[in-house]
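Numbering (my numbering), first residue to last: 739 to 1026.
Note that the Cβ used here is the ideal one computed from N, Cα and C, for glycine as well.
See structure below.
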């Protein structure tokens, strides 16, 4: 049986300070994720049981945690964290300044590229694949993200051209365009949600760069945790590039962007790879 690596990723966005977006998750072999899912579901079923984990519900004691005492919630979360630790997946986090992104880049970008979620998704794929390639691992990687409205459709259409910017060695490890799943049904995505939520809370609460939260420490793999932050200078650089392009106003509204998607889908259905070698490709992806 061939070995495949799988990366599961979820997001958590802050509404404080720079409103930083966190995308975080875990990387492990597919066979280990299968065993993980069985162990995770077993922990979910242990009394008091829940059907799935969403940290927003756990934090506010609603949904699956409605009526729970805080002590019982903490015990359940620690039990699930122990499952993660047992399988020792590599952990990672990617972040971007949403405040700067919305202020500088969104106003001058096409609608689909005007969201930090889209940019951060690609950063995760690029960063994780580069890291694995640097470790001399020659195993294909599948990327599975939690569902995000609009991002999945845009990624499916544009990913082929976007990944050209990734070095060849890392690019060869990417098995296909990222897929998007329902975290209620996919245990590894619930684990990624747990990590992303705690990393975001750690960022909001700490008074210094070295201060950490105990649960965030518990969820990070001490032997392999990848950290990447998109520098604000890159956001401004992308904005300067987009400002120079003609026709930007024809891709800003939701209806305009949907029409653009449909046109690209038509190229794909005709057997073409959009937007291969076109001026549109230069507009969307080249900002050197």
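Bridge partners for residue i per DSSP, in chain order?
i: residue 880; result: 744
i: residue 765; result: 745, 828
i: residue 759; result: 751, 834
i: residue 912; result: 879
Which residues bound the beta strand (DSSP E) around residue i?
i: residue 919; result: 917-919
i: residue 966; result: 963-967
Taking Cβ positions, are residue i and residue j nearer each other than 7 Å?
i: residue 812; j: residue 802; result: no
i: residue 750; j: residue 935; result: yes
i: residue 762; j: residue 933; result: yes
i: residue 1045; j: residue 864; result: Since the displayed the chain opens at 739 and closes at 1026, residue 1045 lies outside it and no answer follows.
i: residue 897; j: residue 861; result: no
i: residue 908; j: residue 868; result: yes
i: residue 741; j: residue 778; result: no
i: residue 940; j: residue 754; result: no
i: residue 819; j: residue 956; result: yes
i: residue 866; j: residue 785; result: no
i: residue 890; j: residue 918; result: yes
Can you check which of these residues, the options, is closest to residue i by C-alpha distance?
i: residue 759; options: 847, 921, 937, 943; result: 937
i: residue 887; options: 861, 920, 968; result: 920
i: residue 916; options: 740, 747, 741; result: 747
i: residue 817; options: 963, 929, 861, 997; result: 929
i: residue 962; options: 823, 944, 931, 901; result: 823
i: residue 792; options: 814, 784, 809; result: 814
i: residue 743; options: 876, 844, 755; result: 876
i: residue 984; options: 819, 805, 847; result: 847
i: residue 790; options: 982, 922, 944, 978; result: 922
i: residue 870; options: 906, 805, 893, 982; result: 906
i: residue 980; options: 756, 851, 757; result: 851
i: residue 997; options: 966, 892, 959; result: 892
i: residue 756; options: 799, 842, 797; result: 842
How far does the alpha helix (DSSP H) with residue i in it extend, from its first residue to its last?
i: residue 866; result: 854-872
i: residue 937; result: 925-943
i: residue 805; result: From DSSP, residue 805 is part of no alpha helix (DSSP H); its letter is neither H nor E.
i: residue 841; result: Run containing residue 841: none; DSSP gives neither H nor E here.
i: residue 972; result: 970-981
i: residue 899; result: 889-900
i: residue 705; result: Absent from the structure is residue 705, since the part of the chain shown begins at 739 and ends at 1026.
i: residue 794; result: 793-798
Taking 6 Å as the cut-off, is the C-beta of residue i nearer than that to any heavy atom in the ligand MG?
i: residue 867; result: Looking at this structure, you won't find the ligand MG or any other ligand, since it has none at all.
With contact counted as at least three CB pairs below 8 Å, one residue from each stretch, are the region 947-965 and the region 767-776 in contact?
Contact annotation: the region 947-965 does not touch the region 767-776, with fewer than three C-beta pairs closer than 8 Å.
Three Cβ pairs or more, each shorter than 8 Å: is that satisfied between the region 761-770 and the region 813-830? They touch, by the three-pair rule.
Answer yes if the region 880-898 comes into contact with the region 912-928, meaning at least three C-beta pairs across the two stretches below 8 Å, and no otherwise. Counting Cβ pairs under 8 Å, three or more are found: they touch.
(Q) I'd like to know if the region 955-975 and the region 832-852 are in contact, where contact means that at least 3 CB-CB pairs between them fall below 8 Å. (A) For the pair of segments examined, the region 955-975 was found to touch the region 832-852: the number of CB pairs separated by less than 8 Å reaches three.
Counting pairs of Cβ atoms below 8 Å between the region 885-901 and the region 854-863, do you hit three or more? Yes: at least three Cβ pairs fall under 8 Å.
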